[in-house]
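The block underneath contains the structure these notes are about, expressed in structure tokens.
Number of protein chains: 2
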Amino acid sequence: MARAELLRQQSTHLVLAELKVACANCNVREICQPAGLTQEELDQLDALVNVRRKLKRGDTLYRAGEPFDALYAVRSGFFKARVTFEDGRDQVTGFSMAGELLGMDGIGHGTHNCDAVALEDSEVCSIPYSRLEELSREISSLQRHFHKLMSREIVRESGVMMLLGAMRAEERIAAFLLNLSQRLNARGYSPLEFNLRMTREEIGSYLGLKLETVSRAFSKFHNDGLIEVEQKFVRIKSIEGLKQIYAHHVS
Amino acid sequence: MARAELLRQQSTHLVLAELKVACANCNVREICQPAGLTQEELDQLDALVNVRRKLKRGDTLYRAGEPFDALYAVRSGFFKARVTFEDGRDQVTGFSMAGELLGMDGIGHGTHNCDAVALEDSEVCSIPYSRLEELSREISSLQRHFHKLMSREIVRESGVMMLLGAMRAEERIAAFLLNLSQRLNARGYSPLEFNLRMTREEIGSYLGLKLETVSRAFSKFHNDGLIEVEQKFVRIKSIEGLKQIYAHHVS
DNA sequence: CTGCTCAATTGATCCATGTCAAAACACAAT
DNA sequence: ATTGTGTTTTGACATGGATCAATTGAGCAG
Numbered sequence: 002m003a004r005a006e007l008l009r010q011q012s013t014h015l016v017l018a019e020l021k022v023a024c025a026n027c028n029v030r031e032i033c034q035p036a037g038l039t040q041e042e043l044d045q046l047d048a049l050v051n052v053r054r055k056l057k058r059g060d061t062l063y064r065a066g067e068p069f070d071a072l073y074a075v076r077s078g079f080f081k082a083r084v085t086f087e088d089g090r091d092q093v094t095g096f097s098m099a100g101e102l103l104g105m106d107g108i109g110h111g112t113h114n115c116d117a118v119a120l121e122d123s124e125v126c127s128i129p130y131s132r133l134e135e136l137s138r139e140i141s142s143l144q145r146h147f148h149k150l151m152s153r154e155i156v157r158e159s160g161v162m163m164l165l166g167a168m169r170a171e172e173r174i175a176a177f178l179l180n181l182s183q184r185l186n187a188r189g190y191s192p193l194e195f196n197l198r199m200t201r202e203e204i205g206s207y208l209g210l211k212l213e214t215v216s217r218a219f220s221k222f223h224n225d226g227l228i229e230v231e232q233k234f235v236r237i238k239s240i241e242g243l244k245q246i247y248a249h250h251v252s
Numbered sequence: 002m003a004r005a006e007l008l009r010q011q012s013t014h015l016v017l018a019e020l021k022v023a024c025a026n027c028n029v030r031e032i033c034q035p036a037g038l039t040q041e042e043l044d045q046l047d048a049l050v051n052v053r054r055k056l057k058r059g060d061t062l063y064r065a066g067e068p069f070d071a072l073y074a075v076r077s078g079f080f081k082a083r084v085t086f087e088d089g090r091d092q093v094t095g096f097s098m099a100g101e102l103l104g105m106d107g108i109g110h111g112t113h114n115c116d117a118v119a120l121e122d123s124e125v126c127s128i129p130y131s132r133l134e135e136l137s138r139e140i141s142s143l144q145r146h147f148h149k150l151m152s153r154e155i156v157r158e159s160g161v162m163m164l165l166g167a168m169r170a171e172e173r174i175a176a177f178l179l180n181l182s183q184r185l186n187a188r189g190y191s192p193l194e195f196n197l198r199m200t201r202e203e204i205g206s207y208l209g210l211k212l213e214t215v216s217r218a219f220s221k222f223h224n225d226g227l228i229e230v231e232q233k234f235v236r237i238k239s240i241e242g243l244k245q246i247y248a249h250h251v252s
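Chains as they are written, first to last, in the numbering used here: chain B, 2 to 252; chain L, 2 to 252.
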């Protein structure tokens with residue numbers, strides 16, 4: 002093994018050790034910290050979330066068909082979930098940012114249903130599912146919290162069905178930008194200026210559109226003064242304007 | 002109160018009493034009977050699933066915005082789930098038949114996210130959510146089973162996203178028929194002959210298509226000898242033919 | 001800096017599905 | 001049977017977004 006490689010690994014170990022902080026101090030509170038836990042319960046939770054894993058851009062966290070045994074809390078970075086069809090067609094079914102939970106699709110049949118791919122260098126905490134089950138039998142607020150997260154995923158997906166089934170291209174893209182903005186805001190980032198982590202093609206796949214259509218919509222919103230776009234950078238200049246894109250629909 | 006009305010109510014009570022059978026004997030096993038329960042656990046389950054409710058065609062089991070407090074197991078009949086938009090547009094997000102579970106969308110935010118409407122006279126068992134939570138802390142196979150059902154709903158929805166985002170009209174409709182056929186089969190009904198409970202418009206809404214497009218696809222499949230359709234009646238003549246509709250896609 | 005590759009933009013054209021309209025049909029109430 | 005209402009089918013036409021193609025730009029390796 003090359004000396005540089007060895008050094009890199011050692012330094013990685015060092016970094017991992019530093020990052021092995023308690024869940025109680027984790028900035029990704031929403032997942033692993035349902036309100037109202039005792040100190041003892043917090044310690045149990047800490048023991049549950051045992052492994053932290055780093056991924057480079059392009060790495061897959063898991064693939065469709067692989068056995069399921071853990072959920073993943075995104076600590077930093079950005080992921081896409083992708084379902085592939087028999088004939089090779091695929092579709093992006095969601096994007097996950099820091100503070101969100103990944104992998105709940107695997108519980109139902111014991112194998113993952115989609116690929117989770119890092120869109121930038123990322124870090125996750127893995128949460129062994131069998132231990133989550135045990136612990137949530139003991140800590141009812143954890144149980145309740147976990148059920149809520151599953152249910153919200155169901156609701157999120159029916160929102161996407163609405164996008165895909167009932168909205169036109171520009172409405173979908175306006176809704177996409179607003180959703181991204183709102184989630185970034187909830188995580189403490191600027192809701193008005195951000196860098197897209199995904200390509201136009203990935204946005205298109207998620208929204209059931211071709212990349213050219215996504216690009217054209219961005220250009221149109223830009224010309225209409227609703228946003229500024231330059232490559233991956235987006236600045237939203239009029240939240241209201243974007244909302245009107247799909248509010249102003251006449252049926 | 003009119004005499005006829007009184008009589009009707011009394012007779013309803015009678016029917017309810019008759020139907021108050023134990024979960025152990027219920028034909029809707031998949032929901033309320035995770036494998037391997039002891040007699041005591043079965044009795045507990047029995048007490049959990051307390052209220053049976055009858056709905057006439059067109060009745061809503063619950064509406065978006067109403068407080069959530071129970072899940073519903075469909076004992077007989079057929080439902081659609083529908084999400085309505087601010088501007089009045091709506092979309093069917095799913096169909097549920099006997100043996101399936103309804104209402105998991107409500108857990109996340111404590112209010113229902115969609116309307117559940119009976120498409121024919123139906124009967125459901127209501128399962129108070131707070132008691133389901135309690136009981137699933139005690140009976141781990143119930144807990145596991147419930148988690149699976151939630152997860153499968155997530156997987157189902159990402160399948161629909163695939164339909165809506167990546168498949169063409171005829172592919173969507175072929176997939177829809179095959180899915181219906183497979184679910185009917187799992188419930189012990191004929192997978193090759195059945196009556197649709199929903200209109201072309203409802204199918205279209207679910208699949209992101211207009212009713213005319215649905216009708217044309219049915220006619221085309223009929224002419225191609227894949228199915229027979231006459232109004233609501235469908236006979237599938239070639240499962241393989243339907244599968245090839247979306248397998249034969251060249252990308 | 002140069003060349004390479006991949007992402008994004010923009011224009012021109014095409015086509016799958018939507019839209020509009022009319023007729024046939026089914027079912028329920030009277 | 002008659003009438004009314006909602007569903008389905010079918011045809012003619014319109015259009016939003018896909019497709020095809022060319023160009024520009026960004027990021028990266030050498």
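Virtual Cβ for every residue (Gly too), placed ideally from N, Cα, C.
- When L:Val-215, L:Thr-94, L:Glu-229, L:Leu-38 are compared, the shortest CA-CA separation from L:Glu-171 is found for L:Val-215.
- L:Lys-81 counts as buried, since no fewer than 16 other beta carbons sit within 10 angstroms of its beta carbon.
- When C-beta distances to chain L are compared with 9 Å, the residues of the segment 85–105 of chain B below that value are Phe-86, Glu-87, Asp-88, Gly-89, Arg-90, Asp-91, Gln-92, Val-93, Thr-94, Gly-95, Met-105, in chain order.
- Listed along chain L are Met-105, Ile-108, Gly-109, His-148, Met-151, Ser-152, Glu-154, Ile-155, each with a C-beta nearer than 9 Å to that of B:Met-151.
- With contacts defined as CB atoms closer than 9 Å, L:Gly-166 and B:Tyr-207 qualify as a contacting pair.
- Of all residues in the segment 107–133 of chain L, the ones placed with a Cβ closer than 8 Å to any Cβ belonging to chain B are Gly-107, Ile-108, Gly-109, His-110, Asn-114, Cys-115, in chain order.
- Under the DSSP definition of a beta bridge, L:Gly-95 partners with L:Ala-82.
- By the criterion of a C-beta distance shorter than 6 Å, L:Arg-236 is surrounded in its chain by Glu-194, Glu-229, once the five residues flanking it on both sides are discounted.
- Within the segment 157–171 of chain B, those residues whose Cβ lies closer than 7 Å to any Cβ of chain L are, in chain order, Glu-158, Ser-159, Val-161, Met-162, Met-163, Leu-165, Gly-166, Ala-167.
- In terms of Cβ geometry, B:Leu-62 and B:Leu-103 form a close pair [threshold 9 Å].
- For B:Glu-41, the closest of B:Glu-241, B:Val-52, B:Cys-24 by C-alpha to C-alpha distance is B:Cys-24.
- Rounded to whole angstroms, the gap between the alpha carbons of B:Thr-94 and B:His-148 is 21 Å.
- About 4 Å separates the CB atoms of L:Leu-212 and L:Arg-201; that is less than 8 Å, so the two are in contact.
- Annotation for B:Lys-57: Asp-122 place their beta carbon closer than 6 Å to its own, counting only its chain and skipping 5 residues before and after.
- Annotation: the continuous alpha helix (DSSP H) that includes B:Ile-155 extends over 141–167.
- In the displayed model, L:Ser-191 falls within coil according to three-state DSSP, outside both helix and strand.
- Interface with chain L (9 Å Cβ-Cβ cutoff): B:Ala-82 is included.
- Here DSSP, grouped into helix, strand and coil, assigns L:Phe-177 to helix.
- L:Gly-59 is outside the set of residues whose beta carbon lies under 9 Å from a beta carbon in chain B.
- Note: L:Arg-54 is bridge-paired with L:Val-125 in the DSSP secondary-structure output.
- Judged by pairs of C-beta atoms under 8 Å, the segment 109–117 of chain L does not touch the segment 138–147 of chain L, as fewer than three such pairs exist.
- The segment 117–134 of chain B makes contact with the segment 62–80 of chain B: 3 or more CB pairs, one atom from each, lie closer than 8 Å.
- Of the residues B:Gly-160, B:Asp-116, B:Leu-179, B:Ile-32, the one whose Cα lies closest to the Cα of B:Arg-64 is B:Asp-116.
- Proximity of L:Glu-139 to chain B, defined by a Cβ-Cβ separation below 9 Å, is satisfied.
- Against B:Arg-76, chain L offers no close residue; the least beta-carbon distance is about 22 Å (beta-carbon pairs closer than 7 Å).
- When C-beta distances to chain B are compared with 9 Å, the residues of the segment 205–217 of chain L below that value are Ser-206, Tyr-207, Leu-208, Gly-209, Leu-210, in chain order.
- For a Cβ distance threshold of 7 Å, residue set Glu-134, Arg-138 of chain L lies close to B:Gln-144, ordered along the chain.
- Collapsing the DSSP output to three states places L:Ile-240 in a helix.
- At a cut-off of 9 Å between beta carbons, B:Tyr-63 makes no contact with chain L.
- Between B:Tyr-247 and chain L, the shortest Cβ-Cβ separation is below 9 Å.
- Rounded to the nearest whole angstrom, the C-alpha separation of B:Arg-132 and B:Asp-47 is 12 Å.
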